[in-house]
Amino acid sequence: MRMKKMLPLLLIAVLAMALLAGCGGGQEGTSEQSTSIKVGGSSTLSPIIAKCADDFTEEFKTWDKVDAGLPAEPIVIFVSTGGSGFGLKSAVDGTFDFGMVSKDLNDEEKAQFAEGVIVQLGSDVLDVAVNPQNPIVNVKPDLTTEELRAIFAGEIKTWKELDSSLPDRPIVVAVRDLGGGASEVFDKAVMHGTPISPEALQIPSMGALAGKVMDNAETIGYVSSGLVNQNPDKIIPLSVDGIAPTIENIISGDYKISRPLLLVSPSQPDAKEQAFLDYLQSEKGLTVVEDMGYVPVAK
Amino acid sequence: MKSKREKPFIAGVTTIAVLSSLLLLGMVFFMFRESLPIWSDIGVFQFLTGTTWRPVAAEPIMGIAAMLVSTLWVALGALVIAAPIGFGCAIFMAEFAPRSLAAVIRPVLNMLTGIPSVVYGFLGAAVLVKYFEATFDLASGESLFAASLVLAIMILPFIIANSEAALRAVAPQIRYAGLSLGVSRQYYTVHILVPMARKGMIGALVLGLGRAMGETMAVLMLAGNTLLLPISWFSKGEPLSALIALEIGSATPGTAHYQALFAAGLVLVVLVITVNLMMNTILAGLKR
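Protein chains in written order, with the numbering used here: chain A, 1231 to 1529; chain B, 2 to 289.
Pasting the structure below:
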């Protein structure tokens, strides 16, 4: 009998403890700082880094296997997502050892890492893409930056206005959320501050945006080159100012609509962090970048 | 009799109950604090009635009128679709359904509530959007209507369950009195049962409205997320919940953009709380 009555009390105690544990969570992290590497930021980069971290941990298991000079502690690498802005901020305030950033840094941002490192792993390239059923693929596969700007700003509203041989149907402009990394890239390379048309559909993920282009013959959108390459006959990339988004043009820098994939740290990495950085920049790391659909930096 | 052993138990549950309520207050306070610069710099009126949303432009302009209208339009639209179906279903279940049929329908309806909203959104995006494009020859099929339609399905189980409960709460004496006067079951249902249960049924609607306003995933995938002020049910729009879900990931903490999203969240929370208070008032009126 007594036990039965004690049960709710016990339950309450456990619940209260869980509540308290939740409050104290913030402090536990700091004591682990020396034994684990924490990486956080851009949602574009996090799958790449997470995959590399998995491979790295799987291959070496303990740090002394990576380099005999390191202690025989297990390798622990945390990767968390929260956007490029979050990555920058958290790297600076020390929440993470490395911030993942998928955008061009301005001079002010670069200055914060003058003492530390900025490592580029690759580029995320945005292809201006349409559905294969869209006659523009044959009629006008090359747009100027100015035409693109006018389309995305909503100044050119129908395909016919773009070229008289195209159908008199509305252009469906599909973009990622305004303010996100991809929008920023497109703004810098094409829009130059012109607001995106208020009629543009904002699509919650790059995968869904690619899906929209595949499903809808009247859509034009900017799609990650990786997704375009994975769906060769379903999404057709257009050239911009006569330059097609080919690997050569991207690496040479002639194709402008792209952003770098960066890891940043405000201080010099210690031996373990350096070992992981080296792994990321090795053949294995860059292959992951390529497999995920991005263009790796020249090996 | 209160034994000595009960006292710590009562103290314990009281503490937990108070803490849970404080959680809500704390959340509203936190959102208010995070969004304070918006209210003081832009102004409540300007923020709520502005129709331009350019949070990351060189000179940011932030007004959420288009999103506010989208939220209300989508939620009220869902209610318009769900109310007749929900009430009809509830009346059938409470009054006309054979016991065996009700035993099948009720668990199925309850199960509908457990389906993750992302699944609804995904199905809507895959089926509804394409259907609208093909049937109405639209350039793109996303619309507030599509979002309302899916939301209606999502809130139906709540409306049905709560209306049915209200109908069943009508005292059996009234039923016997009514039927003994020789009225038909149809007359009894329409003129006696439903009017007696009407407050509870309105409460069910209001509960559905609250849920519809806060729902995020399905509207995010179906409403189209354009920044234009919607002018019809078939316009595209971006409800508040979709706005926050889309942009919070890329907003840098501490910027006006981030604060504005918190302000939008606060507006949504206040809307939903208002709706819930309305429901409590209705239910309190019912008990009296």
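Glycine residues also receive a C-beta, built at the ideal position from the N, C-alpha and C atoms.
Since this is a predicted model, take the numbers as computed values, not measurements.
Where does residue i fall in DSSP's three states?
i: G1451 (chain A); result: strand
i: P1400 (chain A); result: strand
i: G1313 (chain A); result: coil
i: D1372 (chain A); result: strand
i: A265 (chain B); result: helix
i: I203 (chain B); result: helix
i: L244 (chain B); result: helix
i: I11 (chain B); result: helix
i: T1476 (chain A); result: coil
i: R6 (chain B); result: coil
i: D1337 (chain A); result: helix
i: L221 (chain B); result: helix
i: W1389 (chain A); result: helix
i: L77 (chain B); result: helix
i: F1326 (chain A); result: coil
i: Q1257 (chain A); result: Any reading at Q1257 (chain A) needs caution, since the residue's pLDDT is 39, under 50, leaving its predicted position unreliable; the model's value is listed next. Reduced to three states, the DSSP call for Q1257 (chain A) is helix.
i: W54 (chain B); result: strand
i: L230 (chain B); result: coil
i: S21 (chain B); result: helix
i: A1501 (chain A); result: helix
i: V1405 (chain A); result: strand
i: M63 (chain B); result: strand
i: F1308 (chain A); result: strand
i: M1522 (chain A); result: coil
i: I249 (chain B); result: coil
i: G1437 (chain A); result: helix
i: A257 (chain B); result: helix
i: G1456 (chain A); result: helix
i: L1510 (chain A); result: helix
i: D1484 (chain A); result: coil
i: G1352 (chain A); result: strand
i: A1359 (chain A); result: strand
Mind pulling the chain B residues with CB within less than 7 Å of residue i?
i: P1428 (chain A); result: T227, L228 and L229
i: V1402 (chain A); result: A140 and S141
i: P1304 (chain A); result: Per Cβ cutoff of 7 Å: no residues; P1304 (chain A) is ~31 Å from chain B at best.
For residue i, which residues in chain B fall below 8 Å Cβ to Cβ?
i: E1448 (chain A); result: A140 and S141
i: R1399 (chain A); result: A140
My assumption, with CB atoms under 8 Å, is that residue i sits in contact with residue j. Please give the rounded CB distance.
i: L1373 (chain A); j: K237 (chain B); result: The pair is not a contact, with the Cβ atoms about 25 Å apart (cut-off 8 Å).
i: S1314 (chain A); j: G1270 (chain A); result: Not really, about 11 Å apart at Cβ, beyond 8 Å.
i: G1352 (chain A); j: L1491 (chain A); result: 5 Å
i: T1461 (chain A); j: A1447 (chain A); result: Per the sequence shown, the amino acid found at residue 1461 (chain A) is Asn instead of Thr. Not a contact, Cβ separation roughly 15 Å.
i: L194 (chain B); j: E134 (chain B); result: About 43 Å separates the two Cβ atoms, so there is no contact after all.
i: P231 (chain B); j: L152 (chain B); result: Between L152 (chain B) and P231 (chain B) the Cβ distance is about 15 Å, and since that is not below 8 Å, they are no contact.
i: S1455 (chain A); j: G1523 (chain A); result: 7 Å
i: V1580 (chain A); j: P1434 (chain A); result: Absent from the model: residue 1580 (chain A). The displayed extent of chain A is 1231 to 1529, so no value can be given.
i: L241 (chain B); j: A265 (chain B); result: 5 Å
i: S41 (chain B); j: Q260 (chain B); result: The pair is not a contact, with the Cβ atoms about 10 Å apart (cut-off 8 Å).
i: A224 (chain B); j: V75 (chain B); result: 6 Å
i: M290 (chain B); j: G204 (chain B); result: Because chain B in this structure spans residues 2 to 289, residue 290 (chain B) falls outside the shown range and cannot be described.
i: A246 (chain B); j: P61 (chain B); result: So it is not a contact: roughly 20 Å between Cβ atoms.
i: I82 (chain B); j: S22 (chain B); result: Not really, about 34 Å apart at Cβ, beyond 8 Å.
For residue i, which residues in chain A fall below 9 Å Cβ to Cβ?
i: P99 (chain B); result: The premise fails here: P99 (chain B) is roughly 41 Å from chain A at the closest Cβ pair, so nothing lies under 9 Å.
List, in chain order, every chain A residue whose beta-carbon is nearer than 8 Å to that of residue i.
i: S265 (chain B); result: Ser is not the amino acid found at residue 265 (chain B); the sequence shown has Ala there. The contacting residues do not exist; A265 (chain B) stays about 13 Å from chain A at best.
i: A252 (chain B); result: G1313, G1315 and G1409
i: P173 (chain B); result: Simply none; closest approach about 36 Å.
i: K131 (chain B); result: D1445
i: L180 (chain B); result: Going along chain A, no residue has its Cβ under 8 Å from L180 (chain B), so there is no contact; the nearest lies around 46 Å.
i: E337 (chain B); result: The first residue shown for chain B is 2 and the last is 289, placing residue 337 (chain B) beyond what the model contains.
i: E35 (chain B); result: Those within 8 Å of E35 (chain B) in chain A number zero; the least Cβ separation is about 15 Å.
Along chain A, in chain order, which residues have C-beta atoms closer than 7 Å to that of residue i?
i: H192 (chain B); result: Chain A residues near H192 (chain B): none, gap ~48 Å exceeds 7 Å.
i: E248 (chain B); result: D1407 and G1409
i: M28 (chain B); result: What M28 (chain B) touches in chain A: nothing, since even the nearest Cβ is about 14 Å away.
Give the residues of chain B in contact with residue i, contact being defined as C-beta atoms less than 9 Å apart.
i: L1275 (chain A); result: The contacting residues do not exist; L1275 (chain A) stays about 13 Å from chain B at best.
i: L1431 (chain A); result: S141, E143, G225, N226, T227 and K237
i: A1362 (chain A); result: The sequence given here places Pro at residue 1362 (chain A); Ala does not occur at that position. Those do not exist, as P1362 (chain A) stays about 17 Å from chain B at its closest Cβ, beyond 9 Å.
i: P1183 (chain A); result: What is shown of chain A runs 1231 to 1529, which leaves residue 1183 (chain A) out entirely.
query: Going along the chain, which unbroken runs of the alpha helix (DSSP H) with 4 or more residues stay wholly within the stretch 105–154 of chain B?
result: Segments of the alpha helix (DSSP H) lying fully in the stretch 105–154 of chain B: 118–124 and 130–137.
Ordered list of alpha helix (DSSP H) runs contained in the stretch 1261–1296 of chain A, each at least 4 residues: If we require 4 residues or more, the alpha helix (DSSP H) runs fully inside the stretch 1261–1296 of chain A come out as 1276–1290 and 1293–1296.
task: Note down, in chain order, all residues in the stretch 1311–1326 of chain A with a beta-carbon under 9 Å from any beta-carbon belonging to chain B.
output: Answer set for the stretch 1311–1326 of chain A: T1311, G1312, G1313, S1314, G1315, F1316, L1318 and K1319.
query: When Cβ atoms are compared, which residues of the stretch 50–61 of chain B fall closer than 7 Å to chain A?
result: The residues in question are R55, P56, V57, A58 and A59.
Under 8 Å (Cβ pairs) to chain A, residues found in the stretch 209–223 of chain B: Residues passing the 8 Å Cβ filter: L221 and M222.
field: Interfacial residues, the stretch 1413–1425 of chain A to chain B, with Cβ spacing under 9 Å
entry: Listed by position along the chain: S1413, E1414, D1417, G1423 and P1425.
field: Proximal residues, the stretch 1476–1497 of chain A versus chain B, C-beta separation under 7 Å
entry: Listed by position, the residues of the stretch 1476–1497 of chain A near chain B (Cβ gap below 7 Å) amount to none.
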